[in-house]
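Read the structure below first, then the notes.
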Amino acid sequence: MHGGDLISDVGKMFKSKLKPISVASRMAGKLVLLSGFTLSLVHLLGVIPDPNRAELQRKAVLTESLAITSSLLALNHEDEIIKKNLSSILDRHPDVLSACIRRKNGTILHQIGDHERHWQLEPGANSNPNNICVPIAAGKREWGTVELSFNTDQGLFARLMQYPLVVVGLFTLVVNGVVFRLYLARAFRYLDPSKSVPMHVRATLDTFSEGVVVLDNEQRIVLANDKFKKHIGKSEEELLGKNIDQLPWESDDDDEVTLRWHSDDDSAKTVRLGLSFEHEHRTYLVNASPILGNDGQRRGTIASFDDITPMEEKRKELSKMLSELQLSRDELKLRNEELNHLATRDPLTGCLNRRTFFEIFDKEFKASQRHQQPLSCFMVDVDHFKMVNDNHGHSVGDVVLRCIATAIEENGRDSDVVCRYGGEEFCVILPHTDANQASVVAQRIRSTIEQLEFEKFITTVSIGMSSATFGASDPQELLEQADKALYAAKRGGRNKVVRWEEIANSNDAESPNEREMDNSGLCLSNSPSIPYPAVASLMSALAYRDASTATHCTRVAELCVATASGLLSVKETYVLEVAALLHDIGKIGVPDAILLKPGPLTPEEWEMMELHDRIGVEIVEASFSHPELVDIVKYHHATFESDGNSKLPSKHDIPIGARIVTIADAYDAMVSDRVYRKGRPIEDAFKELRRCAGTQFDPELVERFIASVRTHKSVDLPVQSRQVALQLGLQIERLADAVDEQDCISIKAIASRLEATAAAGGIPEIEDLASGIRHAATEDKDLFSLFTMVGQLISLCRSAQKIHARTSFKGDENCIADSDDAQSRHQLAK
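So the sequence shown is numbered by this note's numbering: it starts at 3 and just counts up by one.
Here's what the structure looks like:
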């Protein structure tokens, strides 16, 4: 076999196995060769500059400039400057390996770098690209030479850059080859498809109500009818030749997205697909069938797109509506459970409140009478609870009440009903339980509470018990019997259980309303009232004495109410507000010469000024029989961290109301303007409060106070009549009592009175809100919303009082007593 025949056979074998080159690739190759020929022609014509020549010229210029400089310096024998010039050449030009100035006799005057090793030019030889020598003249005679040796190893890239035709040629071949191939491949897609389909076939497809597309074997669109182009929002030129998978299809099944056009069998396939664009999403039912040629081979795919978007949207809306209904039902059920818990439970102890308790009590009593079954009831009262609050603070008192409530519930039965009857009083009804069994339960509860361990004190309870078998005709009578037995237990030494039958015929059975309560606790219905006209009279007297002090007290009261919101009960907040209004009432007894003195006070005057606290306590104590109010006024100058010498309480032994008044008093003194100085910025006052937190002030209340000041927004309601302001003040206390008791009947009655008062006084905001509360209380629905509205009504009444107080306190606001500011600064300095 000849060699030529062997080569021919091998070529045929490879040709049969290799895939034929496409027309687009062949045309792209020819265009690339044409581009290469054009570049060669440009190079031969000298259009592309020679980088070797430019580089050699740069080195020569560099050497000649150094030679000229050295010639001038050689005339003046400036050898050091010549040496510095050599060094600078090496620093600025990294390709310079060494530099040397050589005298005419061959002596090296200066050299930088290892010049002997790098210099490869023989004496008398001409310069080459890497070793350049330039003579130096001194006058008209040759003085020496400048020699520069350049780096020869510049790397592959640098060497290639010396031949730009090669770089440009490679770049042109690669880039043009890719670009020409892609462009021609896309152009050829549009040459045949649109003309290969007869017009009558295209017209027939355009009459279909569904979108129809014809695809080739590479899933490129060959034909699309008008309906499909309308759905997609693209023209025929934009669709033809485009791969259909490039459209933004969506499907719940990823396999469907991948295989919807690629089924290996010849059967039709139906899938549900979504198509999303920027502002629209549509859903289609897609049927795809293969197109077979005469030889049975698959030539493409025809697919129809039935738009089911309206049907799908209705299905989704129905599903969403069902989900929302289910969610609303669940949320409503949860809210009803929460509201029922809020409406029926005491927020502190979790026991039933009085309203719910009486409803259950009435049902149990009637069931007991109807079925002739025993029913017992006993009242529980915490002994000396006021001492716990006074000596350890209300927060500790709250802990005690929660522990006692837990002990009562844990020692009872599941059928027993426990109620927080008042501040420190609890009531328990025991269905199907006679007097002897109830006595056993009561003794067990008393013993358990006696064994509770607290850090600095012990707690006991007194219990009065009665049973339906003792002759009570209704629930109220049974409760009164238990209450009288409780009174007998307390008179008998406390920490005991007394049954009604033991005292039925004794003097101990007198009405509990006649007894003097030894606990103040949180019992709002039994706690002493604070007549608002008396408060208003004292404030008027203070305003007449010193209007600036009265307005200061009004601002302090507003700050205290804002801080106590959410921390104290409504009744406790009212007591705090009155205490803040009266905390400086003792200044009535300070002489004008001291009270209104514009300058600093002398030690003797300070002693007189400090008497105003004691005078204020005596005035409040004589005017109101309210221990909590007196304690706040009495201790509002107590420091949080005791210095060891003061007889005042410290830390949490200070009533929480007094701690709040202390902070608000100091803050208002700092930010208020004085005749002799401008009020401090609010942020500076905050910094001062934080600096004194832990020593002068309660640190937790300081942060709460600052947060309240930041978020508090004052609402001003004008009140023209003093009588209207007094009536609003009277109703605030009564409304606070009713809210804490959750007494909707009283709330409704008070709201009616407030509505009439506001209408007469021309205050539509209070009138409208009071009317809404009256209707809500009548319907007895949504207690949470009702109490929220009541809280808003109390705030509006306070705002009306505040504006009336400001307009009533006429006087020189700039003449505030220096003593008030000095006293606050004196406390902060401590």
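For each residue, glycine too, the CB sits at the ideal point set by N, CA and C.
**Request:** Could you check the C-alpha separation between ALA559 and VAL580 for me, to the nearest Å?
**Result:** 7 angstroms
**Prompt:** How far does the beta strand (DSSP E) with TYR286 in it reach, from first residue to last?
**Reply:** 283-294
**Prompt:** What's the C-alpha gap between LEU578 and SER330?
**Reply:** If I take the Cα positions, the gap works out to 41 angstroms.
**Message:** Rounded to the nearest angstrom, what separates ALA709 and VAL572 at their Cα positions?
**Reply:** 20 angstroms
**Asked** What's the gap between the Cα of ALA30 and the Cα of PHE39?
**Response** 14 angstroms
**Asked** Would you say SER657 and ALA640 are within 7 angstroms of each other, going by their C-beta atoms?
**Response** In the sequence under discussion, the amino acid at residue 657 is Pro, which differs from the Ser named in the question. Contact: no.
**Message:** At 4 residues or longer, what runs of the alpha helix (DSSP H) sit wholly inside the stretch 645-707?
**Reply:** Complete alpha helix (DSSP H) runs here, min 4: 658-673 and 684-693.
**Request:** Report the residue ranges of all alpha helix (DSSP H) runs contained in full by the stretch 542-584; include only those spanning at least 4 residues, in chain order.
**Result:** 549-566 and 572-583
**Prompt:** Is the Cβ-Cβ distance between ILE114 and SER89 less than 7 angstroms?
**Reply:** yes
**Request:** Within 10 angstroms of the Cβ of SER539, are there 16 or more other Cβ atoms? Answer buried if so, exposed if not.
**Result:** exposed
**Request:** Give every residue of the same chain whose Cβ lies closer than 6 angstroms to the Cβ of LEU241, excluding the five residues on either side of it in the sequence, and list them in chain order.
**Result:** For LEU241, same chain residues with a beta-carbon under 6 angstroms away, outside a window of 5 residues either side, are ILE223 and ALA226 in chain order.
**Message:** Output needed for ASP208: all residues of its chain with C-beta closer than 8 angstroms, excluding positions within five of it in sequence on either side, in chain order.
**Reply:** These residues qualify, in order along the chain: ASN227, ASP228 and LYS229.
**Bridge partner(s) assigned by DSSP for PHE307** = GLY213 and VAL288
**Prompt:** Around the C-beta of SER325, are 16 or more other C-beta atoms found within 10 angstroms, so that it is buried, or is it exposed?
**Reply:** Exposed.
**Item:** Closest Cα partner of ALA671 within the set THR556, ASP348 and LEU123
**Value:** THR556
**Item:** Reduced DSSP category for TRP145 - H, G, I as helix; E, B as strand; rest coil
**Value:** Of the three classes helix, strand and coil, the one that applies to TRP145 here is strand, per DSSP.
**Item:** Assumed close pair PHE307, GLY213 - CB separation to whole angstroms, cut-off 8 angstroms
**Value:** 4 angstroms
**Prompt:** How is the beta strand (DSSP E) around ILE114 delimited, first residue to last?
**Reply:** Judged by DSSP secondary structure, ILE114 falls within the beta strand (DSSP E) whose first and last residues are 110-114.
**Message:** Short of 6 angstroms in beta carbon distance, which residues of its chain neighbour GLU220, apart from the five on each side in sequence? Order them along the chain.
**Reply:** none
**Asked** Could you give the distance in angstroms between the alpha-carbon of THR553 and the alpha-carbon of ASN507?
**Response** Roughly 58 angstroms separates the two Cα atoms.
**Prompt:** What do you get for ARG706, buried or exposed, if any count of 16 or more other CB atoms within 10 angstroms of its CB means buried?
**Reply:** buried
**Prompt:** Ends of the beta strand (DSSP E) at LEU242?
**Reply:** Unbroken run through LEU242: none, as it is neither H nor E.
**Request:** Kindly list the residues whose CB is nearer than 6 angstroms to the CB of ALA444, restricted to its own chain and excluding five residues on each side of it in sequence; keep chain order.
**Result:** PHE380, ILE465, MET467 and VAL499
**Message:** Between ILE621 and GLY588, how many whole angstroms is the CB-CB distance? I'm expecting something under 8 angstroms.
**Reply:** 7 angstroms
**Prompt:** Are at least three pairs of beta-carbons, each pair with one atom in the stretch 374-390 and one in the stretch 416-427, less than 8 angstroms apart?
**Reply:** yes
**Item:** Under the three-state DSSP convention, the category ASN130 falls into
**Value:** strand
**Message:** Going by beta-carbon coordinates alone, are LEU756 and ALA772 separated by less than 7 angstroms?
**Reply:** yes
**Prompt:** Is the stretch 412-419 touching the stretch 431-443 in the sense that three or more CB pairs, one from each, lie closer than 8 angstroms?
**Reply:** yes
**N-terminal and C-terminal residue of the alpha helix (DSSP H) that VAL398 is part of** = 396-412
**Message:** Taking the alpha carbon of LEU217 as the reference point, which residue from ALA290, HIS283 and THR575 has its own alpha carbon closest?
**Reply:** For LEU217, the nearest C-alpha among the options comes from ALA290.
**Cβ shell of ILE293 (< 8 angstroms), same chain only, five flanking positions each side left out** = VAL216, ARG300, ARG301, GLY302, THR303 and ILE304
**Asked** Would you call ALA69 buried or exposed, if buried means 16 or more other Cβ atoms sit within 10 Å of its Cβ?
**Response** buried
**Request:** Quick one: give me the first and last residue of the beta strand (DSSP E) that SER464 is part of.
**Result:** 463-469
**Message:** Can you look up GLY425 in the DSSP assignment and give me helix, strand or coil?
**Reply:** coil
**Prompt:** For the stretch 353-370 against the stretch 437-452, are there 3 or more C-beta pairs whose distance is under 8 angstroms?
**Reply:** no
**Asked** In angstroms, rounded to a whole number, what distance separates the CA positions of VAL34 and ASN245?
**Response** In this structure, the CA atom of VAL34 is about 28 angstroms from the CA atom of ASN245.
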